[in-house]
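Participant: Provided herewith is a single structure, encoded as C-alpha cells, for subsequent inquiry.
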Amino acid sequence: MYVVDNAGDDLAAVRHINACGGPAEHRAVLRPTPGASDVDTLGWDLLVAVAKPPHAARRERVSGLSWEYGQAWLDGYAVRHMIVDRAHLLTRDQAGKAAAAAARAGATLWLLWGTGIGPRCDGPPHLVAGQPAQVISLWDFYQRLPAAAPAPAAEPGQDDSWPPLPAADFPTFLAACRRYLPRDQFARVARLYYDTAEAADAWLDIYGAARDPRDGQLTAAFEGALTGWLRDSAIGPAPCGPAALVRLRAVQAALFTRAIVLSWRPGPLGPDPASRLPGNLTPQVAGALATAVRTDVAAATALSVHLNHGPAFFGVLQMGDVAPDGSAIRVPASRTRPVRRGITPGAEDPYGQMLDADERTWREMAAAEPIRIPACARALFTAHLAYRREAGATGTDPYFAHPRDPAGTPATQNLRGALRVTAQRIGLDLPWMHGDGCRHGTDIGLTWRGCSWPGERGLRLARTGPGQDPMLTPPRGAPCRPGWITGGPP
Amino acid sequence: MPQHFVNLPGAATLPTRQYQLTGQIIGDLIAEAATGVVHGPAGTGKTYAVQAALERLREAAGPGPANSPDQVSVCTLAFPSRPTMRLVADELLTALTGAAAPRSRNRFQLIATLVDVLSGPRRLVVIDEAQRLNGDCIELIRHLHDHPHTRFALLYVGGDGCWEVLSREPMLASRVFRRLPFTRLDRPAIPALMRRYHPVYDGAGDALLLEIEDAYGKGMLRNWAVFTHAAVGLCGTAGTGRITAEVAGNVYAKLGGGIR
C-alpha cells in the first residue's frame, strides 16, 4: 500500500489518475462520493470503479451486495492497482474496507492523500487501514504507476479490405475466386482458405471416427464437437463476414473429402449472409454485458450468446468446469443430463422434436472439447467464479446458483428471467427467446432465426446413405455466372 | 445587455479593463473546460460584467442544436448563506435539468445523475456569491469538475471574502485557470469614465466629478449608479439636463448627506 503525498492537491494528479485507465488495464480508480461517510456508498463507488454504471446496482436490486460484487469484479478483471482519490476524506471504516478489498484482489493500493484533512478523518493514512504503508511523492507515483498506454489503433483495412467474394458453393468457390478476383486479393483468400483447410484436416485427424459403425451415420457426439470447433476455432473467431465465408468454404471442402457434407443455406439469412457467420460474442457485446453488476447474469448471458442456447443446461455447470482464467468451460460427457419435466424419453412429435433439440444442445454443451470463451468475455466468467468462491462454493458446487437458495433451487428459471431482461437492456435479440413461430423471422424481414449455433448460421450436417438428405442431389440447371455473396462489381 | 443596477435609463456600459477581461476569461474557461474566479468588493461590476459576457456568448452562438460545438449551455447559480452539499447538488441538478431532484434519491444517486448530465453538451456553470460556499460544497463541485466523464467550465463569482474562502481550499489553488480581481475605479480616470457613463455628466467639470467620487462614488460603480439615478431625477425636476454643483448637493441630501 502506498500513500501518495498530494499536499498541494495538484490538478495534475487528478489528470494522471484519469489517464491511468480502468479495469481493462487491470486498474481501478475509486472516487469516493463527497460527503458520504458510510461503507455502503463506498461500495457503490467501488462498482463504478470497476466500470459499472452508477445506477446498475439499484436496477438489479443488489445495492446491498455492492462490496461482494465489487470484489468479484476486481478479481474478474485481475485488477492489480487500486487507486483511491481523495483518500484523506475517507473514514476509518471506509479506508479499511477499501484496503481489504484491494488486498483480497491482490492489488496494490494507492491512496492519494491531499491536504485539508477533514473532521471525518480519524488519523494518518498509514494507520487508517492498519497496514504498513509507504509514503511517496507525486513524482514517485507518476513513475511507479504510469498512465495507461493508449489502445493500439486498428490496422487500416483490417476488416473492410476484403474483396467481394463470389457466391459459388464450396466445390467451385476457390476456382470462382481465382477467376474473378485480382491476383493479390485471390492470394489472400487462398492463403486463408488453405490454412483453414489444413486446420480442419488436423482437427478431423485428431478427432478420429466421426461415424457410428452400426449405421454409418455421423454420431451426435461428432456433431456437437464439430459445432464447438466451428464456433470456437474455425468460423466463430473470424473478424468479419468475408473472412468467415472463406473459412467456411475451406472447412466444407475439408469435410467433403471425408464424405461429410456441411451445407450452408445463405438464402434465409438476409441481405448479407456472410456477416451472420462470425461468432456473436463480440467485444461490443462483451462490453455491454460487463455493465451488469450481477456476475451470474453477465456470465450466463455471455454463454447464451456464445452458444446460442437458452439456459436449460446451465444449471449442470460446476465450479470446476470453468477454467480459472475464464478461457474455457468443459462439461464432462459423463455428467448427468437434466431431463425436462413431463417429457419422457422416446416421446413422439412434438415432444420428440423438443427432445432432439435438447439432445443437440446437450451435445454442444458436453462435447469432447471444451467451450472456448473469446478473450473479450473471459473477465465475465472469472468474475462469477470469484463471486461464487467468495460465497463458499467449491469445485463440485454449481457454477450458476439460485441467488436466494443456492443449495436447493436450480438456477435455470431465475437465469432465464434475468437473461431476458439483460438481453433486452443491451439490445440483444437472442433466438431462444422466441417461440417456434418466430423461427423464420417474420418480424425481422424474414431473416432466419435458428435456435442453435449452426442453425442460426444456416449450417447443417447432411445425412448420407439410407434416408439421404434430399438437398444433396439438387436438380442440375444450366451453368450460369455466379452471383456475389458479399457485394460485387457494379 | 444586462440591466444596470437600479435599472438606470440612459446609462452606457463602461469598457473598463476588468469588464473586457471578463469576456476573454470566460472564453478561455469554456475552451479549456477549466475553473476561474472573478472576485472583488461588492459594487465593482463583477456580476454585470459576467452577465454581459454571457449575453455576448449567447448572441455569438446563435440558433442551433444544443450539442453543436459552438453552443455552450450556461447555468448560473447562487446559493443562500451556508448551503449544504445536498442543497448544492439539488440546486445544480434543478438548474441543469429544469426539474427538481426527487427527495428519495440519496447522495450517491444524485451525484451520479449530475455526472451524467454534466457529461453531455458543453456547459459553463457560473456560481455567484461563491464566498457563501463552504469546504464541503467546494469539494462536491470539485468532484464533479474533476470527474473524467464530465466536461464543463466553472466560474466562481464572489464578493468580499470570496478569494479568501476559495484560496483556503488547496484543492482550488491548483485548479484556478483564470483569476480576475475586480477593484475600485482609479480616481484619476473617474471624470472621463463618468462622462461616457451617462449623459447627465456631459460637460461636467473634473473637479465636480472628483468631488462626487470622493463624497459618494468611492470608486464603486454601484454607488455611481445610485447617485446617477437620483441625479437624473433631480435634473428633471430642475429642468436641467446636466449635473451641477447644486444638483449634486441636493443628491447628497437625498442619499444621506453624502455620508458613506
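Going down the list, the protein sequences come from chains A and B. If you read the first sequence in our numbering, its first letter stands for residue 1, the second for the next number, and so on. If you read the second sequence in our numbering, its first letter stands for residue 1, the second for the next number, and so on. Just so you know, even glycine gets a beta-carbon here, dropped at the ideal spot from N, CA and C.
State buried or exposed for T183 (chain B), treating a residue as buried only when at least 16 other CB atoms are found within 10 Å of its CB.
Facilitator: Burial call: exposed.
Participant: Give a yes or no on contact between the segment 290–300 of chain A and the segment 55–69 of chain A, applying the rule of three or more CB pairs nearer than 8 Å.
Facilitator: Contact between the segment 290–300 of chain A and the segment 55–69 of chain A is present, because at least three Cβ pairs lie under 8 Å.
Participant: Please tell me whether, using a cut-off of 6 Å, the distance from the CB of R360 (chain A) to the nearest non-hydrogen atom of the ligand MN is below it.
Facilitator: For the structure depicted, the ligand MN is absent and the ligand set is empty, with no information on it obtainable.
Participant: Can you check whether the CB of E213 (chain B) is closer than 7 Å to the CB of G190 (chain B)?
Facilitator: Per the sequence shown, the amino acid found at residue 190 (chain B) is Ile instead of Gly. Contact flag set, yes.
Participant: Under 7 Å, do G23 (chain B) and A60 (chain B) count as touching if we go by C-beta distance?
Facilitator: No, these two residues do not count as a Cβ contact at 7 Å.
Participant: Does DSSP put F79 (chain B) in a helix, a strand or coil?
Facilitator: Coil, per DSSP.
Participant: Is the number of C-beta pairs between the segment 25–43 of chain B and the segment 145–154 of chain B that are closer than 8 Å three or more?
Facilitator: Enough Cβ pairs lie closer than 8 Å, so yes.
Participant: I want to verify the contact list: residues of chain B whose CB lies under 7 Å from the CB of A36 (chain A), in sequence order.
Facilitator: By Cβ distance, chain B contributes R107 and F108.
Participant: Going by CA-CA distance only, name the one from A:V246, A:Y69 and A:S304 that's closest to G417 (chain A).
Facilitator: Looking at the Cα atoms, A:S304 is the closest of the given residues.
Participant: Can you tell me the Cα-Cα spacing of W139 (chain A) and D5 (chain A), whole angstroms?
Facilitator: The straight-line gap from Cα to Cα measures roughly 10 Å.
Participant: Name the two residues that bound the continuous beta strand (DSSP E) containing D128 (chain B).
Facilitator: Looking at the DSSP string, the run of the beta strand (DSSP E) that includes D128 (chain B) is R123 to D128.
Participant: By Cβ distance below 8 Å, which residues in the same chain neighbour V14 (chain A) in space, the five residues on each side in sequence not counted?
Facilitator: Answer for V14 (chain A): D85, listed in chain order.
Participant: Using a Cβ cut-off of 7 Å, which residues of the segment 49–68 of chain A contact any Cβ in chain B, in chain order?
Facilitator: If the cut-off is 7 Å between Cβ atoms, the segment 49–68 of chain A has P54 and H55 near chain B.
Participant: Are any of the Cβ atoms in chain B nearer than 7 Å to that of L204 (chain A)?
Facilitator: False, the Cβ-Cβ gap to chain B never drops below 7 Å.
Participant: Mind checking which residues open and close the beta strand (DSSP E) that includes W264 (chain A)?
Facilitator: Element bounds for W264 (chain A): L262 to W264.
Participant: Kindly indicate which three-state DSSP category I508 (chain A) falls into: helix, strand or coil?
Facilitator: In the structure as shown, chain A begins at 1 and stops at 490. Residue 508 (chain A) is therefore absent and cannot be evaluated.
Participant: Considering only the beta carbon of each residue, do R335 (chain A) and A220 (chain A) sit closer than 7 Å?
Facilitator: No.
Participant: Hey, would you say S263 (chain A) sits closer than 7 Å to A462 (chain A), going by beta carbons?
Facilitator: Yes, these two residues count as a Cβ contact at 7 Å.
Participant: Starting from T219 (chain A), find everything on chain B with Cβ-Cβ shorter than 8 Å and list it in chain order.
Facilitator: Under the 8 Å cutoff, chain B gives no residues; its nearest Cβ is about 54 Å from T219 (chain A).
Participant: Residues bridged to L155 (chain B) by DSSP?
Facilitator: The partner list for L155 (chain B) (beta bridge, DSSP) reads B:G36 and B:V126.
Participant: Please report whether the beta-carbon of D136 (chain B) lies at a distance below 7 Å from any beta-carbon of chain A.
Facilitator: So yes, D136 (chain B) belongs to the interface.
Participant: By the 8 Å beta-carbon criterion, what residues does the segment 182–215 of chain B contribute toward chain A?
Facilitator: Answer set for the segment 182–215 of chain B: empty.
Participant: Closest Cβ-Cβ distance between L87 (chain B) and chain A: below 7 Å?
Facilitator: No, L87 (chain B) does not count as interfacial toward chain A.
Participant: Can A101 (chain A) and Q71 (chain A) be called in contact, C-beta distance under 7 Å?
Facilitator: Yes, these two residues count as a Cβ contact at 7 Å.
Participant: According to DSSP, is Y77 (chain A) helix, strand or coil?
Facilitator: Coil.
Participant: Using the C-alpha atoms, what's the distance from N18 (chain A) back to P150 (chain A)?
Facilitator: P150 (chain A) and N18 (chain A): Cα-Cα distance of roughly 13 Å.
Participant: Taking 7 Å as the cut-off, decide whether the C-beta atoms of L77 (chain B) and E91 (chain B) are in contact.
Facilitator: Closer than 7 Å, so yes.
Participant: By how many angstroms is the C-alpha of A107 (chain A) removed from the C-alpha of V37 (chain B)?
Facilitator: Taking the straight line from one Cα to the other gives about 40 Å.
Participant: For the segment 410–435 of chain A, list every residue whose C-beta sits within 7 Å of some C-beta in chain B, in sequence order.
Facilitator: So nothing in the stretch comes that close.
Participant: CB-CB under 7 Å to A253 (chain B), same chain, minus the five flanking residues each way: which ones, in chain order?
Facilitator: Nothing listed; no residue qualifies.
Participant: Do A302 (chain A) and L317 (chain A) have their C-beta atoms closer together than 7 Å?
Facilitator: No, the pair does not count as a contact, with Cβ atoms beyond the cut-off.
Participant: Out of B:V232, B:V125 and B:E139, which has the shortest C-alpha to C-alpha gap to G35 (chain A)?
Facilitator: When each option's Cα is compared against that of G35 (chain A), the closest is B:E139.
Participant: Is the Cβ of N18 (chain A) closer than 7 Å to any Cβ of chain B?
Facilitator: With 7 Å as the cut-off, N18 (chain A) counts as an interface residue toward chain B.
Participant: Taking the alpha-carbon positions, what's the D38 (chain A) to L110 (chain B) distance?
Facilitator: Each residue's Cα considered, the two are about 16 Å apart.
Participant: In chain order, what residues of the same chain lie with their CB nearer than 7 Å to the CB of D548 (chain A), ignoring the 5 residues before and after it?
Facilitator: No answer is possible for residue 548 (chain A): the residues shown for chain A start at 1 and end at 490.
Participant: Find out if the Cβ-Cβ distance for the pair G45 (chain B), H198 (chain B) is shorter than 7 Å.
Facilitator: No. Outside cutoff.
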